[in-house]
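K.L.:
First the structure, which I've put down as structure tokens, then a few questions once you've had a look.
2 protein chains.
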Amino acid sequence: MEDQLFAFLSKYMTLTEGEKNLILELDVFRTVPKGHVLLEAGDRTEESFFVLKGCLRCYYIVDGEERTTSFYTELENVSPACIVTKEPSAYYIACVEDSVVIVGEPSKEKYVFEKFPRFETLCRLLTEELLVKNQITFDTFKNSSPEERYRQLLETRPDLVQRVPQHQLASFLGIKPESLSRIRKRLLKPSAS
Amino acid sequence: MEDQLFAFLSKYMTLTEGEKNLILELDVFRTVPKGHVLLEAGDRTEESFFVLKGCLRCYYIVDGEERTTSFYTELENVSPACIVTKEPSAYYIACVEDSVVIVGEPSKEKYVFEKFPRFETLCRLLTEELLVKNQITFDTFKNSSPEERYRQLLETRPDLVQRVPQHQLASFLGIKPESLSRIRKRLLKPSAS
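Sequence order for the protein chains is A and B.
Note that my numbering has the first sequence beginning at 1, numbered continuously upward.
Note that my numbering has the second sequence beginning at 1, numbered continuously upward.
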């Protein structure tokens with residue numbers, strides 16, 4: 001797990017052995033089983049999660065129905081909105097698969113930034129990257145039909161289509177489950193030539 | 001204009017006179033007239049824009065038609081995605097109104113971070129805040145009907161409804177212009193009691 005983390009970080013900066021040891025000392029790795037709820041709607045938390053293995057899902061409950069808004073897989077970070085809003089969380093975060101995550105929290109972050117100031121630059125760059133990635137995803141969502149959204153998902157995150165239940169995927173794409181079934185059938189059918 | 005900027009920054013940290021002067025010396029304020037295009041699709045840029053006065057709009061051209069994806073008004077920042085992707089921009093940024101913006105660019109950012117390291121912390125916090133704000137906006141968009149989206153806009157950004165043309169607003173809300181007209185009429189009509 002450490003190797004995966006350090007390989008990821010090395011894309012941004014070369015860490016010294018001292019810096020690597022500092023991260024390992026923090027004891028931030030947590031194994032969480034499939035189905036485990038990391039955050040409940042209504043709760044408050046200061047913990048954020050960086051996925052090393054597995055898949056996390058954010059969902060709201062609207063009129064008694066789950067509405068999935070995002071999935072996070074390997075090397076993606078989910079910082080619950082409530083950390084910034086200081087309000088109780090509006091959504092749940094649960095494990096779609098057995099997962100290994102790095103749990104971040106402000107006291108550990110502060111400690112790392114003090115001992116290892118370059119880490120703050122790294123966090124800023126990662127957040128800026130994430131902001132752009134999310135903006136492109138939102139723009140694409142707005143500019144696409146349901147079928148186009150599903151096609152784009154097959155191109156950009158093909159693993160997700162295999163890993164998560166179809167009704168969660170439909171909700172995530174803003175499509176009714178029966179519409180997603182129709183789209184999938186249409187795309188599977190060889191086109192008349 | 002400076003006062004507005006410093007009032008905004010003071011919500012996050014108290015600036016010394018030296019730090020304020022450093023920002024003013026950078027000569028980052030730019031006045032841009034209504035209709036001016038700050039970024040063309042297909043171009044590359046390293047400039048980001050922080051709106052002090054006025055309104056900027058991001059839009060794509062899809063099948064010859066403008067698709068508005070976002071508006072930025074006072075004290076909002078737009079960092080074009082192409083700064084991070086290193087690809088030509090997929091969208092345009094234009095002024096909906098006569099505007100005053102602060103133009104950021106990497107060399108000035110680097111200079112400020114070196115002279116004034118706390119500014120990097122400030123930028124990280126602002127980016128984290130923006131990430132959460134955008135995530136909530138996207139989640140709300142996914143979980144809402146067109147009418148709900150318009151109602152939410154009236155609540156959260158009532159000024160926008162007055163400031164931008166209705167066809168741009170419709171596109172921004174992911175609604176056809178004729179549907180938005182119907183929604184507006186329905187909401188204006190006093191409900192039968």
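Virtual Cβ for every residue (Gly too), placed ideally from N, Cα, C.
#1: Does Phe119/A come within less than 8 angstroms of chain B when only Cβ atoms are used?
#2: Here's the rule I'm using: 16 or more other beta-carbon atoms within 10 Å means buried, otherwise exposed. How should Ser70/B be labelled?
#3: Could you tell me which residues DSSP pairs with Asn77/B in its beta bridges?
#4: Do you know offhand how far Gln85/A's Cα is from Ser79/A's?
#5: So, helix, strand or coil for Ile175/A, using DSSP?
#6: If Ser72/B and Leu52/B are in contact, beta carbons under 8 angstroms, what's the gap, nearest whole angstrom?
#7: On the three-pair Cβ rule with 8 angstroms, is the segment 112 to 119 of chain B touching the segment 163 to 171 of chain A?
#8: Taking a cut of 9 angstroms between CB atoms, which residues from the segment 48 to 64 of chain B lie near chain A?
#9: What does the alpha-carbon distance come out to for the pair Ser193/B and Lys176/B?
#10: Would you please verify whether the beta carbon of Arg44/B is less than 8 angstroms from any beta carbon of chain A?
#11: Could you have a look at Ala7/B and say whether DSSP puts it in helix, strand or coil?
#12: Buried or exposed: which applies to Gln4/B, given that a residue is buried once 16 or more other Cβ atoms fall within 10 Å of its Cβ?
#13: So Gln135/B contacts chain A; which residues on that side make the cut at Cβ distance below 7 angstroms?
#14: Distance, Cα to Cα, Val96/B vs Gly174/A?
#15: Whole angstroms is fine: what's the gap from Met13/B's alpha carbon to Gly18/A's?
#16: Given Ser179/B, which residues of its chain have a CB within under 7 angstroms of its CB, disregarding the five upstream and five downstream residues?
#17: Is Asp159/A close to chain B, meaning its C-beta is less than 8 angstroms from at least one C-beta of that chain?
#18: If you follow the alpha helix (DSSP H) that Val161/A is in, where does it begin and where does it stop?
#19: Mark Leu39/A as exposed unless 16 or more other C-beta atoms lie within 10 angstroms of its C-beta, in which case mark it buried.
#20: Please name the residue or residues paired with Glu66/A in a DSSP beta bridge.
#21: Name, going along the chain, the residues of the segment 164 to 180 of chain B whose beta-carbon falls closer than 7 angstroms to a beta-carbon of chain A.
#22: Less than 8 angstroms between the beta carbons of Val100/B and Gly54/B, yes or no?
P.N.:
Let me lay it out:
#1: no
#2: The residue in question, Ser70/B, is buried, as its Cβ has 16 or more Cβ neighbours within 10 Å.
#3: BP columns for Asn77/B point to Phe50/B.
#4: Going by the sequence as given, residue 85/A is Thr instead of Gln. Distance between the alpha carbons of Thr85/A and Ser79/A is about 11 angstroms.
#5: coil
#6: Note that residue 72/B is Tyr in the sequence shown, not Ser. That pair is no contact at about 11 angstroms.
#7: no
#8: Cys58, Tyr60, Val62
#9: Bear in mind that a pLDDT of 48 at Ser193/B, under 50, signals an unreliable position, so the number given afterwards is only what the model happens to contain. Just so you know, the alpha carbons of Ser193/B and Lys176/B end up roughly 30 angstroms apart.
#10: no
#11: helix
#12: exposed
#13: Ala81, Asn134
#14: 30 angstroms
#15: 32 angstroms
#16: Pro146
#17: no
#18: 158 to 163
#19: buried
#20: Ile61/A
#21: Against chain A - using a Cβ distance shorter than 7 angstroms - the residues of the segment 164 to 180 of chain B are Gly174.
#22: yes
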